[in-house]
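Sequential numbering from 65 applies to the sequence shown in my numbering.
We put the beta carbon where it would ideally sit given N, CA and C, even for glycine.
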Amino acid sequence: MRVLLHTLVAILLVLPEVWSKKVLVYQIAFGKSHIQFSGTLIDKLVEAGHTVDQLLFRYNVDVTGTGTKTHRKLYEITNSNSTYHLMDHLAQPFKTTHKISWHIMAPNRLLFCETLLKNTQLIEELKSEKYDIMLTQPWDGCNLPLAHVLGIKSTAVYVATFSSFYIFEDLGLPTPTAYLGDPFYPAPNHRDLTFYERLSNFWAWAELFLKPDTRDLEDPLFQKYFPGTPAFSTLYKRISYLFINTNEYTDMGRPVSNKVKFIGGIHIEDSIGEVEGALPQEYEDILSSKGTIIFSFGSLVQMQNVPQKVQNAFFEAFKELTDYNFIWKYDNISATANMRAPNVFFKTWLPQKQLLKDPRIRGFISHMGMNSFAELAYAGVPVVMVPLFADQRFNSAVAQRKGLGVRLEKDELTKEAILEALRQLLENPKYAENSRRLSEILAAATSKQKMAKRFVDAVELAAEFPETADLLALPSAGFSLLVANSFDVVIFLTSVAVLGSLSAIFVVYKVVKMVITGKKVKTKVS
Numbered sequence: 065m066r067v068l069l070h071t072l073v074a075i076l077l078v079l080p081e082v083w084s085k086k087v088l089v090y091q092i093a094f095g096k097s098h099i100q101f102s103g104t105l106i107d108k109l110v111e112a113g114h115t116v117d118q119l120l121f122r123y124n125v126d127v128t129g130t131g132t133k134t135h136r137k138l139y140e141i142t143n144s145n146s147t148y149h150l151m152d153h154l155a156q157p158f159k160t161t162h163k164i165s166w167h168i169m170a171p172n173r174l175l176f177c178e179t180l181l182k183n184t185q186l187i188e189e190l191k192s193e194k195y196d197i198m199l200t201q202p203w204d205g206c207n208l209p210l211a212h213v214l215g216i217k218s219t220a221v222y223v224a225t226f227s228s229f230y231i232f233e234d235l236g237l238p239t240p241t242a243y244l245g246d247p248f249y250p251a252p253n254h255r256d257l258t259f260y261e262r263l264s265n266f267w268a269w270a271e272l273f274l275k276p277d278t279r280d281l282e283d284p285l286f287q288k289y290f291p292g293t294p295a296f297s298t299l300y301k302r303i304s305y306l307f308i309n310t311n312e313y314t315d316m317g318r319p320v321s322n323k324v325k326f327i328g329g330i331h332i333e334d335s336i337g338e339v340e341g342a343l344p345q346e347y348e349d350i351l352s353s354k355g356t357i358i359f360s361f362g363s364l365v366q367m368q369n370v371p372q373k374v375q376n377a378f379f380e381a382f383k384e385l386t387d388y389n390f391i392w393k394y395d396n397i398s399a400t401a402n403m404r405a406p407n408v409f410f411k412t413w414l415p416q417k418q419l420l421k422d423p424r425i426r427g428f429i430s431h432m433g434m435n436s437f438a439e440l441a442y443a444g445v446p447v448v449m450v451p452l453f454a455d456q457r458f459n460s461a462v463a464q465r466k467g468l469g470v471r472l473e474k475d476e477l478t479k480e481a482i483l484e485a486l487r488q489l490l491e492n493p494k495y496a497e498n499s500r501r502l503s504e505i506l507a508a509a510t511s512k513q514k515m516a517k518r519f520v521d522a523v524e525l526a527a528e529f530p531e532t533a534d535l536l537a538l539p540s541a542g543f544s545l546l547v548a549n550s551f552d553v554v555i556f557l558t559s560v561a562v563l564g565s566l567s568a569i570f571v572v573y574k575v576v577k578m579v580i581t582g583k584k585v586k587t588k589v590s
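Set out below in structure tokens:
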């Protein structure tokens, strides 16, 4: 009996170790919201009993922290030569282009990847961990080849933003340019596109495939340090899942496969339906009975980098709407000395999620980063959108289509335009009603299936069974661009039609010529 008891105890002690998976999360610190999202994913996996290590590439030196405190180990890759902070969207957020600064991004990708690959001691340590699965972002070409080098058999990709064309196309999923644009290209992103807008979308789509080397930029480094390593574009087709930080109700609507898992709202779903605690007294003193509006451009954009004339336009508009209070997130309060009004309050930090759930908040002026979009959607707060760069234009287009608010372009921000947008938002009840209904739908959907469960279940399955990547793969993932879009069929049928038409024209020409020639001969004989 005692032997049996000892055996049972030994089994119980070993079971968690057998069941628990070892996960490596590969994260690039682009911005605070990016590491907050990956931190949430780590927290959910640890809560489920798994061991998670974090490999963090500190591209942006202004972004501190790791987004989590639950990881077992942190491997941080840094390089003092990083120039990521000079990216246009950070240094000049109101620059008219919406494209990412490739001339800065590319050298940083190579810099950080080689910093890692040269660290043979770290590579060997990571190999020795024998991870079951790697979770990674898709924004560089160092991640999946690294997983191959480390012997990690399962991989999955997560994105904190809406995704680029190739993220879907490389899985064999079409991205119809008739209504879908790439979030990182200056192309339109709404349903009713003009011919010119569709042409612009198509060009952005074609440009990504005419320059496939951007995805495999790091391949020469791997051939230098680990010859024979497959390139990113090859390994990407073998991922088990793609986790997207949105859900079915806050997306534009697109073709998907069983590899695509929507997990938007995973960072706030546990608080849905819960009554928030009391706000700090400083906010209770601000929230007026008629309503308060929040103004924030998120964590990436420093308000002092916003042109002064734009700041003045917002301030003058706020000052005129005396019935409402405005809480303005501003990083450097000392710079606001010339902007003083009894209804405008500057704060270096906002309890944003808590504020948005307060019924006295009547609206939100936002850059429409993905986390802010999710929070206002779940809270049911209408929005004045001012997209600045990257996926924010796409997020705004989705919110526009769903009737959640009014959009302003960053190069058209005047006092009059801001006042008109705010009056529309506050006086037209459709925006508040649409926002409220979407919030109810999201709450109901979340109550039926938690995003965290969807995420953890998929990771566990992929970690246990690497072959899920092949079982869920679309045949089109292995097709060439020509075959995947049936361009070869279109070319063939067009050629047949053209040749048939030319043949018909030739035959008609010959017949007509014969008839005319015959008449001439008869006339001569007569």
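Taking 7 Å as the threshold (C-beta atoms), are Met-434 and Asn-309 in contact? yes
Less than 7 Å between C-beta atoms, sequence neighbours within five positions excluded: which residues of the same chain meet that for Tyr-305? Apart from sequence neighbours up to five positions away, the residues of its chain that approach Tyr-305 with a beta-carbon distance below 7 Å are Ala-220, Lys-323, Lys-325, Ala-522, Ala-526, ordered along the chain.
Going by alpha carbons, who is nearest to Leu-364 out of Tyr-148, Leu-502, Leu-257, Leu-483? Tyr-148
If we count Cβ pairs, one from each stretch, closer than 8 Å, do we get three or more for the stretch 398-409 versus the stretch 460-470? As far as the Cβ criterion goes, the stretch 398-409 does not touch the stretch 460-470, which means the pair count is below three.
Span of the alpha helix (DSSP H), counted from its first residue to its last, around Glu-188: Under the DSSP assignment, Glu-188 falls in the alpha helix (DSSP H) whose first and last residues are 184-193.
Assuming Glu-188 and Leu-285 are in contact, meaning their beta carbons sit under 8 Å apart, how far apart are those beta carbons, in whole angstroms? The Cβ separation is near 18 Å, so there is no contact.
Alpha helix (DSSP H) runs contained entirely in the stretch 90-142, provided each spans 4 or more residues: 96-111
At what residues does the alpha helix (DSSP H) containing Ser-297 begin and finish? 296-300
Under the three-state reduction of DSSP, which class applies to Ile-350: helix, strand or coil? Of the three classes helix, strand and coil, the one that applies to Ile-350 here is coil, per DSSP.
Considering only C-alpha positions, which residue in the set Arg-279, Gly-245, Thr-278 is nearest to Leu-263? Gly-245
Cβ-Cβ distance between Gly-95 and Gly-131 below 7 Å: Contact flag unset, no.
DSSP state of Asn-492, grouped into three classes? coil
Since Thr-179 is in the alpha helix (DSSP H), which residue starts that stretch and which ends it? Per DSSP, the continuous alpha helix (DSSP H) segment holding Thr-179 begins and ends at 166-181.
Note down the Cα distance separating Ile-580 from Tyr-573, rounded to an integer number of angstroms. 11 Å
Can you give me the Cβ contacts of Ile-332 inside the same chain, cut-off strictly under 8 Å, excluding the 5 residues immediately before and after it? Lys-417, Ala-438, Glu-439, Tyr-442
Spatial neighbours of Met-367 within its chain, please: C-beta separation below 6 Å, excluding the five flanking residues on both sides. Tyr-394, Asp-395
Could you check where the beta strand (DSSP E) with Arg-471 kicks off and where it finishes? 469-471
His-135: CB within 6 Å of a non-hydrogen atom of the ligand NAD: This structure does not include the ligand NAD; it has no bound ligands of any sort.
Which listed residue (Ser-218, Asn-265, Asn-172) has its alpha carbon closest to that of Phe-529: Nearest neighbour of Phe-529 by Cα position, chosen from Ser-218, Asn-265, Asn-172, turns out to be Ser-218.
Beta carbon of Gly-236, beta carbon of Ser-540: below 7 Å? yes
Quick check on the DSSP output: the beta strand (DSSP E) that includes Ala-220 runs from which residue to which? 218-223
In whole angstroms, what is the alpha-carbon distance linking Leu-180 and Asn-172? Rounded to the nearest angstrom, the two C-alpha atoms are 12 Å apart.
With a cut-off of 8 Å on the beta carbons, I'd call Arg-279 and Phe-307 a contact; round off their distance for me. With a Cβ gap of about 19 Å, Arg-279 and Phe-307 do not count as contacting.
In angstroms with no decimal places, state the Cα-to-Cα distance between Ser-146 and Tyr-313. 38 Å
What would DSSP say about Arg-279, mapped onto helix, strand or coil? coil
Going by Cα to Cα distance, which pick from Gly-317, Asn-207, Leu-208, Met-151 is closest to Ser-227? Gly-317
If we cut at 7 Å on Cβ distances, does Ala-526 have a partner in chain C? Chain labels in this structure do not include chain C; a single protein chain is all it has.
So, at 8 Å on beta carbons, what are the nonlocal neighbours of Val-562 in its own chain, with the 5 sequence-adjacent residues on each side left out? none
Determine, using beta carbons only, whether Lys-86 and Tyr-195 come nearer to each other than 7 Å. yes
Val-87 - partner residues in DSSP beta bridges: Val-87 is bridged to Val-116, Ile-197.
Could you name the residues of the same chain whose beta carbon sits closer than 7 Å to that of Arg-518, not counting the 5 residues immediately before and after it, in chain order? Correct list, in chain order: Lys-325, Ile-327.
Helix, strand or coil for Met-449 per DSSP? strand
Is the Cβ-Cβ distance between Phe-409 and Ile-397 less than 7 Å? No. Outside cutoff.
DSSP three-state label for Asn-389, please. strand
Supposed contact pair Pro-157 and Phe-453 - C-beta distance, whole angstroms, cut 8 Å: 6 Å
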